[in-house]
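Enquirer: Here the sequence shown stands for residues 82 to 345, numbered as in the working numbering.
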Amino acid sequence: MNVATEATVSAEEFHAPGPAIFELPPVFEIAGFGVTKPMLQLLVAALLVFALLYVAARQRSLVPGRLQFAGEGAYGFVRNSVGRDIIGSRDFQKFVPYLVTVFFFILVNNLFASLPFFQFPTFSRAGMAYALAGLSWIIYNAVGIAKHGFIGYLKVQCVPSGVSPVMYPLLVPLEFFSNILVRPVTLALRLFCNMFAGHILLVLFATGGLYLIEQGGIGYVAGPLAWVLAIAVSFLEMLVQFLQAYVFTLLNAMYIQGALSDEH
82 MNVATEATVS AEEFHAPGPA IFELPPVFEI AGFGVTKPML QLLVAALLVF ALLYVAARQR
142 SLVPGRLQFA GEGAYGFVRN SVGRDIIGSR DFQKFVPYLV TVFFFILVNN LFASLPFFQF
202 PTFSRAGMAY ALAGLSWIIY NAVGIAKHGF IGYLKVQCVP SGVSPVMYPL LVPLEFFSNI
262 LVRPVTLALR LFCNMFAGHI LLVLFATGGL YLIEQGGIGY VAGPLAWVLA IAVSFLEMLV
322 QFLQAYVFTL LNAMYIQGAL SDEH
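Encoded structure:
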């Protein structure tokens, strides 16, 4: 980890990492517009996902090779466990390309936090997470409007079935707020907060361990222990990175299924 750019550690005082470590300077500028590391990671992740899926599917055969087998297994995981099981066997197939792309795009960007040279979670920048959640919001609302019509879709999302009309003045605004307005916010926050908190925790253990060693004494024991904890947290973060990609994709499938359903 590039300690010098992540936090300030000195022999006199330890400055704990904070939100400032996520404010990276531009790598270069194009027409006065600064291109940052997270922006480049988005592009690299998109190219990697396209290349891996293309290579895995390029030479399809009845007896798959290792790469084809891995690609089919990964594709089948999202297709069956997320698309088919959540959306349903009748409508799911048309959404599989989107779900597969979202899952692997988020996963690769999350794993950048644990890979040498990158060591930065792309979606620890809130704007990146909100942009992806905004795209999801457009897709599942468009799907619902295309099936039910605008008024019909609002009825499906905002009017709970089996509830007395007397309760409509209370429940309809709450349902509209929850199902239409809040979903993209919570979708983005869940991804952003997990990547943000995990990165700060790793930097804290890494820089704190260095500071303790520089202090000498008991620090010679506590410092390496902090680094051991940093390694343990790194493995835990890899699990979190996978789970966040899975949860984001799963919620997308659930929202699409809810938009297609005839009852709320």
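Each residue gets a CB set at the ideal place from its N, CA and C atoms; glycine is no exception.
Terminal residues of the continuous beta strand (DSSP E) containing Phe109?
Expert: Unbroken beta strand (DSSP E) run through Phe109: 109-111.
Enquirer: Could you name the residues that DSSP lists as bridge partners for Pro116?
Expert: Checking the displayed sequence, the identity of residue 116 turns out to be Val instead of Pro. Looking at the DSSP assignment, Val116 forms a beta bridge with Phe109.
Enquirer: So, is Ser91 buried or exposed, given that buried needs 16 or more other C-beta atoms within 10 angstroms?
Expert: Unreliable placement is indicated for Ser91, whose pLDDT of 45 sits below 50; the coordinate value is still reported in the next sentence. By the 10 Å Cβ count, Ser91 comes out exposed.
Enquirer: Considering only C-alpha positions, which residue in the set Gly289, Val314, Ala313 is nearest to Val302?
Expert: Looking at the Cα atoms, Gly289 is the closest of the given residues.
Enquirer: Figure out for me which residue from His96, Glu94, Met120 has the closest Cα to the Cα of Pro106.
Expert: The option with the nearest alpha carbon to Pro106 is Met120.
Enquirer: Where Asn190 and Phe273 are concerned, what is the direct C-alpha to C-alpha distance, given to the nearest angstrom?
Expert: Those two C-alpha atoms are separated by around 12 Å.
Enquirer: To the nearest angstrom, how far is the alpha carbon of Phe131 from that of Val183?
Expert: Looking at the two C-alpha atoms, the distance is approximately 12 Å.
Enquirer: Taking contact to mean at least 3 C-beta pairs separated by less than 8 Å, is the segment 209-218 in contact with the segment 155-168?
Expert: As far as the Cβ criterion goes, the segment 209-218 does not touch the segment 155-168, which means the pair count is below three.
Enquirer: Tell me the DSSP secondary structure of Phe204 in three-state form.
Expert: Three-state result, Phe204: helix.
Enquirer: Assign Phe95 to one of three DSSP states: helix, strand, or coil.
Expert: DSSP places Phe95 in strand when its eight states are reduced to three.
Enquirer: Run through DSSP, which three-state label would Ser242 get?
Expert: Correct three-state label for Ser242: coil.
Enquirer: Apart from the five residues on each side of it in sequence, which residues of its chain come closer than 8 Å, Cβ to Cβ, to Gln122?
Expert: Excluding positions up to five away in sequence, the list reads Asn190, Phe193, Phe199, Phe201, Thr203.
Enquirer: Taking 7 Å as the threshold (C-beta atoms), are Phe323 and Ser205 in contact?
Expert: No, these two residues do not count as a Cβ contact at 7 Å.
Enquirer: Please report the distance separating the alpha-carbon of Ser245 from that of Phe257.
Expert: The straight-line gap from Cα to Cα measures roughly 17 Å.
Enquirer: Under 8 Å Cβ to Cβ from Gln238, same chain only, skipping five residues before and after it: list those, please.
Expert: Correct list, in chain order: Gly225, Glu256, Phe257, Asn260, Ile261, Gly339, Ala340, His345.
Enquirer: Please classify Glu318: does DSSP put it in a helix, a strand, or coil?
Expert: Three-state result, Glu318: helix.
Enquirer: Taking the Cβ atom as the reference point for each residue, do Val314 and Leu282 lie within a distance shorter than 7 Å?
Expert: Result yes, Cβ atoms of Val314 and Leu282 sit closer than 7 Å.
Enquirer: Using only the alpha-carbon positions, how far apart do Met335 and Leu270 sit?
Expert: C-alpha separation (whole angstroms): 17 Å.
Enquirer: One question on the structure: do Tyr156 and Val181 come within less than 7 Å of each other, judged by their Cβ atoms?
Expert: The answer is yes: Cβ separation under 7 Å.
Enquirer: Between Asn275 and Val247, is the Cβ-Cβ spacing less than 7 Å?
Expert: No. Outside cutoff.
Enquirer: Less than 8 Å between the CB atoms is what I'm expecting for Ile187 and Gln325, so what's the real figure, rounded?
Expert: Indeed, because the Cβ distance is near 7 Å, the residues count as touching under 8 Å.
Enquirer: Mark Ile111 as exposed unless 16 or more other C-beta atoms lie within 10 angstroms of its C-beta, in which case mark it buried.
Expert: Exposed.
Enquirer: Here's the rule I'm using: 16 or more other beta-carbon atoms within 10 Å means buried, otherwise exposed. How should Pro254 be labelled?
Expert: The residue in question, Pro254, is exposed, as its Cβ has fewer than 16 Cβ neighbours within 10 Å.
Enquirer: Residues in the same chain with beta-carbon distance under 6 Å from Trp308, minus the five sequence neighbours each way, listed in chain order, please.
Expert: Within the same chain, Trp308 has close Cβ partners Gly290.
Enquirer: Nearest chain C C-beta to Ile299 closer than 7 Å, yes or no?
Expert: Absent here is chain C; the protein component of the structure consists of one chain.
Enquirer: Starting from the C-beta of Tyr234, find all residues in its chain whose C-beta is less than 6 Å away, skip the five residues before and the five after it, and write them out in chain order.
Expert: Excluding positions up to five away in sequence, the list reads Gly225, Ile226.
Enquirer: Less than 7 Å between C-beta atoms, sequence neighbours within five positions excluded: which residues of the same chain meet that for Val108?
Expert: So the qualifying residues of the chain are Val116, Thr117, Lys118, Leu121.
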